[in-house]
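Numbering (the working numbering), first residue to last: 3 to 670. The beta carbon of each residue, even a glycine, is placed where N, CA and C say it ideally should be. Source: prediction; values computed, not measured. Notes to accompany the following structure.
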Ligand code: ACM
């Protein structure tokens with residue numbers, strides 16, 4: 003007992019909420035005070051990128067401690083922070099760049115060492131998360147950190163095709179990515195609904211394919227440089243041969259059926275596809291790629307390759323004849339031929355091809371990287387064939403799952419059957435932010451803070467999997483991201499102001515504490531969204547993973563753990579459930595002035611039902627009321643019903659009530 007007490011006493015109080023967790027952290031004794039005298043120096047290698055990185059960190063610290071710092075990023079031996087970097091690192095950062103660093107904080111100073119500048123940037127990101135405060139001011143806790151990523155490819159896909167994502171949104175996304183050590187922006191730049199890049203060689207691409215919403219070449223150069231400054235690679239995706247309608251608005255001659263074409267407004271999978279049988283197609287693509295490689299220095303290039311419908315190929319007599327003449331029995335074989343041609347073009351420009359897992363076909367060119375999206379199995383399949391792969395299937399942020407769902411997925415889960423050599427082909431993964439249901443106003447709320455969970459999965463050791471600890475650290479991360487310019491924290495209140503025309507919308511605010519958007523598929527089906535659908539409804543204001551869901555579930559777990567005797571928990575839960583029963587009348591009262599509040603009625607009524615049910619469960623489990631026979635199975639069945647879409651919302655309070663009911667009994 004005494005030993006245990008001593009151990010507990012030695013545990014440092016509330017260590018800083020680092021996210022992603024470093025590989026090795028040893029908390030020490032003491033505090034490094036930070037005030038206006040704090041300085042930073044580099045003691046070895048120095049370049050502009052390192053200097054700017056240090057200056058950014060100092061600026062962020064300065065904002066926190068709210069006094070100007072004396073100096074920034076000087077060179078020399080001393081300083082509060084001394085950064086010692088051995089080399090510039092790779093000229094064009096690749097997945098094999100060394101991102102490791104060591105960070106030591108003692109009351110006398112902080113020492114950051116790294117083999118390459120990118121590692122120092124990662125260490126600076128950690129240092130910013132170490133800042134804590136007490137009554138005497140701000141400090142960094144003493145600590146020794148040795149860190150390096152588990153996976154070299156840690157990315158997020160941003161779909162700028164379906165809704166344009168303006169440069170300032172990309173910039174703030176890059177800030178957030180750097181904070182959680184993500185290192186790849188996979189930029190989906192062309193879609194049926196929009197072609198988003200200025201082409202000087204083929205100007206009708208952006209002039210006719212984008213509604214005037216595209217990145218100029220100068221903007222692209224600036225954003226690529228902005229990313230590189232933060233140790234983030236930019237992998238462009240120009241999706242082909244399908245998902246390509248917007249190309250053909252200006253250049254219908256490269257499609258497999260005669261035009262004319264118009265920008266697609268609906269979402270889904272559509273017939274237009276490049277004609278893979280004509281030399282003119284490859285000449286066009288080679289000229290286009292030649293122009294674009296001048297803008298995107300990364301050694302990887304994403305060709306898309308997903309969801310090719312085949313309709314245009316099946317209906318074009320010349321393509322049918324071409325397939326017969328070349329012995330291509332299927333459209334997959336024809337697409338493989340197209341990919342082989344593309345791969346050769348890319349190789350001539352020093353680029354490796356990346357594609358969605360449909361390209362994992364016979365004759366896939368060696369060196370191709372396969373992005374597993376239809377399921378996790380393609381990752382293993384690629385690895386067994388000796389192909390590098392990245393995982394995305396569990397990380398579709400647009401599907402509106404919880405942070406914990408995303409967190410517990412793993413590219414190489416414990417028990418993976420890949421050999422160590424095969425496992426080396428698993429480069430990492432990317433979260434995907436497809437843009438059917440996001441625009442510049444809402445995208446931050448769909449990316450953050452859930453993207454932090456994916457970032458930790460890809461950076462931190464495999465056994466870092468404690469969900470409660472993840473949520474404990476996601477809270478502070480979310481506020482850090484807001485300080486960096488991301489807009490997710492204020493999102494719900496801002497969207498509700500837009501929706502109601504009122505400064506305060508307390509009823510809807512409270513409703514959205516316990517109601518999340520339905521999934522991507524449900525929303526598509528129920529609302530029949532198109533590119534022209536305004537994204538200004540209650541579903542857009544809702545948070546994908548409301549904080550209250552986990553908090554309420556934790557409270558319910560405490561009550562269960564106390565055998566329903568914890569009076570404080572009992573009181574809190576009863577009060578919350580009772581409040582839910584008032585929602586229908588409260589939402590109805592809004593309707594005369596706020597017609598869009600009607601979107602909340604199904605969820606309001608379902609929450610009221612859930613609240614009544616939860617109070618019954620408490621009565622039964624405390625013994626206040628005798629429980630009817632079979633109540634647990636019946637209650638789980640009612641919860642399954644309440645868990646269905648309620649309009650465009652889904653209740654976030656179900657988990658807590660399930661916790662109170664207890665596990666389902668196994669079916670007889
Ligand atoms: C995809 O989601 N179509 C790659």
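Around the beta carbon of residue 316, fewer than 16 other beta carbons lie within 10 angstroms, which makes this residue exposed. DSSP links residue 648 through a beta bridge to 651. Of the other Cβ atoms in all chains shown, 16 or more fall within 10 Å of the Cβ of residue 117; this residue is therefore buried. Listed by position along the chain, the residues with Cβ atoms less than 7 Å from a non-hydrogen atom of the ligand ACM are 308, 309, 358, 375, 434, 436. Judged by beta-carbon spacing, residue 204 lies beyond the 9 Å limit of residue 153, meaning their Cβ atoms are not closer than that value.
Between residue 649 and residue 611, the CB-CB gap reaches or exceeds 9 Å.
In the structure shown, residue 423 adopts helical secondary structure according to DSSP, grouped into three states.
Take the alpha-carbon of residue 98 and the one of residue 372: they are about 17 Å apart.
At least 9 Å separates the beta-carbon of residue 409 from that of residue 433.
Straight across, the Cα-Cα distance linking residue 334 with residue 249 is about 22 Å.
Rounded to the nearest angstrom, the gap between the Cα atoms of residue 197 and residue 68 is 44 Å. For residue 375, there is no enclosing beta strand (DSSP E), as DSSP marks it with neither H nor E.
Residue 265 sits close to residue 213, with the two beta carbons spaced by under 9 Å. Going by beta carbons, residue 580 and residue 613 fall inside the 9 Å limit.
Residue 357 sits in a strand when the DSSP states are folded into three classes. Residue burial annotation: residue 349 is exposed, with fewer than 16 other C-beta atoms found within 10 angstroms of its C-beta. Across the structure, residue 102 and residue 88 are spaced so that their CA atoms are roughly 12 Å apart. Burial is judged here by how many other beta carbons sit within 10 angstroms of a residue's own beta carbon; residue 23 has at least 16 and is buried.
Relative to the Cα of residue 300, the nearest Cα in the group 187, 552, 253, 508 belongs to 187. When secondary structure is reduced to three states using DSSP, residue 396 falls in the helix class.
The beta carbon of residue 500 is closer than 7 Å to those of 538 in its chain, skipping five residues each way along the sequence.
For residue 446, the CB contacts under 7 Å within the same chain, skipping 5 residues up- and downstream, are 488, 489, 490, 493 in chain order.
In this chain, the beta strand (DSSP E) harbouring residue 144 covers 139-149.
Exclusion of the five residues before and after residue 222 leaves 199, 297 as the residues of its chain whose Cβ lies within less than 7 Å of its Cβ.
Runs of the alpha helix (DSSP H) spanning 4 or more residues and lying entirely within the region 580-633 occur at 585-592, 603-624, in chain order. With 16 or more other CB atoms across the displayed protein chains lying within 10 angstroms of its CB, residue 400 is buried. Exclusion of the five residues before and after residue 177 leaves 486, 487 as the residues of its chain whose Cβ lies within less than 7 Å of its Cβ.
Approximately 10 Å separates the beta-carbon atoms of residue 583 and residue 615; this is outside 8 Å, ruling out the contact. Residue environment: residue 277 is assigned as buried (16 or more neighbouring CB atoms within 10 Å of its CB, all protein chains considered). Counting only runs that start and end inside the region 519-559, there is no beta strand (DSSP E) element of at least 3 residues. Within a 10 Å sphere around the beta-carbon of residue 271 sit fewer than 16 other beta-carbons, which makes this residue exposed.
Annotation: the continuous alpha helix (DSSP H) that includes residue 286 extends over 281-295. The continuous stretches of beta strand (DSSP E) do not include residue 264, and DSSP gives it neither H nor E.
By the 16-neighbour rule on beta-carbons within 10 angstroms, residue 50 is exposed. When 90, 146, 137 are compared, the shortest CA-CA separation from residue 119 is found for 90.
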